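Colleague: Chains A and B are the protein sequences, given in the same order.
Counting in my numbering, the first sequence runs from 591 upward without gaps.
Counting in my numbering, the second sequence runs from 591 upward without gaps.
Don't be surprised by glycine CBs; every beta carbon is placed ideally from N, CA and C.
A quick note: this is a predicted structure, and the numbers were derived from the prediction, not measured.
Number of protein chains: 2
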Amino acid sequence: MRRYTQQKRFLFAVDCIIFGYDGQDLKLLVIQRSFEPFKGKWSLVGGFVQNNESAEDAASRVLKDLTGLDGLYMEQLHAFTDVDRDTAERTVSIAYFALIDIQKYKQQINEDYHPVWCPINQYPELIFDHATFVELAKEKLRYKAALHPLLFELLPPKFTIPQLQNLYTCVYNIEFDKGNFTRKLLSTGLLVKLKDKDKLNSRKGAFYYKVDAKKYKAGFKLFLNFVPQSVRL
Amino acid sequence: MRRYTQQKRFLFAVDCIIFGYDGQDLKLLVIQRSFEPFKGKWSLVGGFVQNNESAEDAASRVLKDLTGLDGLYMEQLHAFTDVDRDTAERTVSIAYFALIDIQKYKQQINEDYHPVWCPINQYPELIFDHATFVELAKEKLRYKAALHPLLFELLPPKFTIPQLQNLYTCVYNIEFDKGNFTRKLLSTGLLVKLKDKDKLNSRKGAFYYKVDAKKYKAGFKLFLNFVPQSVRL
DNA sequence: TCAAAAGTGTTCACAGTACACCCATGC
DNA sequence: GCATGGGTGTACTGTGAACACTTTTGA
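1. Check this for me: beta carbons of A:F670 and A:F600, under 8 Å apart or not?
2. Given a threshold of 16 other Cβ atoms within 10 Å of its Cβ, counted over all protein chains shown, does B:Y611 qualify as buried or as exposed?
3. Going by other Cβ atoms of all chains shown within 10 Å of its Cβ, with 16 needed for buried, is B:T595 buried or exposed?
4. May I have a chain-ordered list of the beta strand (DSSP E) segments no shorter than 3 residues that lie completely inside the segment 782-815 of chain B?
5. Should B:Y663 go down as buried or exposed, given a rule of 16 or more other Cβ atoms within 10 Å for buried?
6. What is the rounded straight-line gap between the Cα of B:V604 and the Cα of B:A648?
7. Would you say B:I717 lies against chain A (beta-carbon separation less than 8 Å)?
8. Using CA coordinates, which residue listed in B:P705, B:G779 and B:Q693 is at the minimum distance from B:L744?
9. Under the rule that 16 or more other beta-carbon atoms within 10 Å means buried, what is B:Q753, buried or exposed?
10. Below 7 Å between beta carbons is the criterion; list the residues of the segment 719-743 of chain B that meet it against any residue of chain A, in chain order.
11. Can you tell me where the beta strand (DSSP E) with A:K617 in it begins and where it stops?
12. Taking 8 Å as the threshold (C-beta atoms), are A:I621 and A:A688 in contact?
13. Strictly below 7 Å CB to CB, what residues from chain A border B:R599?
14. With 16 as the cutoff for other CB atoms within 10 Å, does A:Y630 come out buried or exposed?
15. By the 10 Å Cβ neighbour count, where 16 or more other Cβ atoms means buried, how is B:M591 classified, buried or exposed?
16. A:A796 and A:T750 - do their beta-carbons sit closer together than 8 Å?
17. At 3 residues or longer, what runs of the beta strand (DSSP E) sit wholly inside the segment 614-683 of chain A?
18. Quick check on the burial criterion: 16 or more other C-beta atoms within 10 angstroms. Buried or exposed for B:S624?
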């Protein structure tokens, strides 16, 4: 009754929700679909899982194809399995969300896909159930970043505290008190102060910091009450 | 190049990590596999996703088959997709974890599967990568229960605060101060005090409480710092 | 009356918040 | 010197942790 041979097989895809930060705003990467059905419509980046790769492998491959980069932050979001979610044929999609610093990587984006960075709250209509993916990913980003030092993945290796504060403001749509923000941040011990300053955004200039890689890895799980509970959703 | 017709199709299963609480200890439900390969070996409860159902549908069906119950707490844990995870044929498995009160439901367990409740830290060797599923589920349970009022799903409708405290102790392997525990719990406003007492566990007796269903639903997302951060993993 | 568990009260330390104030610099 | 944004100091408040104490009841 449950023998393998009598079971259906399904198509199996991955789709990536790619968040990027350009120093100003939080963005979402979408592409124009290059194949039928819905060729030319807006879509998340995705692809089918091949015989010799796991879903993680496939998602990494898709990310690399698009950005030219390995080693981006990436994690599984959710498996979407509704019977009719793909109108062509039953397809299971595993969604991954990834974080990237737009400044650093924008020149490496593969233009074959016609990728576009959209404001996170203002992206075009997407095919299938991809908008559901995005909304869930946004929720998870907010949830997780409230507890773990996740947002560093969106910044360049050198960044200032005001830059980081602006990023938090983008993610949570609230203002943070700069004094308290700075103290809380430095109290985690995850940051290393550098000698030089960023002078673009103010006359006085703000010191650059970088992440202490060792402490970052070790301290990833236990972090902060950075964001008021009421804002975390 | 990415046409649907040229893609592989894969088998697609669900597996359930079922946690139960019997008033004393936290348990895991495992079964003896009734079909090849590995017939007779220990395994999580699972099944293949059918043509006309989503993975959630399939997981609910599997849970119902085993326990006779609808409406159990259930959520998607993770999709496991390693190429060789199933030795018979490439199979993607979506793992769900479920919470049930053993006391209430034990008589309804379907005996065809030879199900056994094992202590959560002492379960038999499981087939394939099922042990990985269980460990991830334990981690997620601890993580989520530290932030959300999840553990009520493991208790009967009427329960005492000392019972709940014992459950927390099982999950986190730490002692909780009863005074602080009680205060923190009642301050959430999620509980309603009942008139009667449980007299089995003490001479004095402990008042029963029940969950305020409306507040429970509304307050599920914002809960407590119930568990010290260092214990959450 | 005593033991055992339920439940309450009290103190202390510290983390989060609000907000005032000082600092460095380019114009 | 003054406007601007970076950075520090401080006082207040609330929450969490530790632990002493009271209550209830069966044996």
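Modeller: To lay it out plainly:
1. no
2. buried
3. exposed
4. 796-801
5. exposed
6. 7 Å
7. no
8. B:Q693
9. For B:Q753, the number of other beta carbons within 10 angstroms of its own is at least 16, and it is reported as buried.
10. none
11. L616 to Q622
12. no
13. R599, F600 and L601
14. In the sequence under discussion, the amino acid at residue 630 of chain A is Gly, which differs from the Tyr named in the question. That one is exposed.
15. Here B:M591 scores only 43 on pLDDT, less than 50, and its place in the model should not be relied on; the value that follows carries that caveat. Exposed, since its Cβ has fewer than 16 Cβ neighbours within 10 Å.
16. Yes; because the gap between Cβ atoms is below 8 Å, this pair is in contact.
17. Counting only runs of 3 or more, we get 616-622, 635-638 and 663-670.
18. exposed
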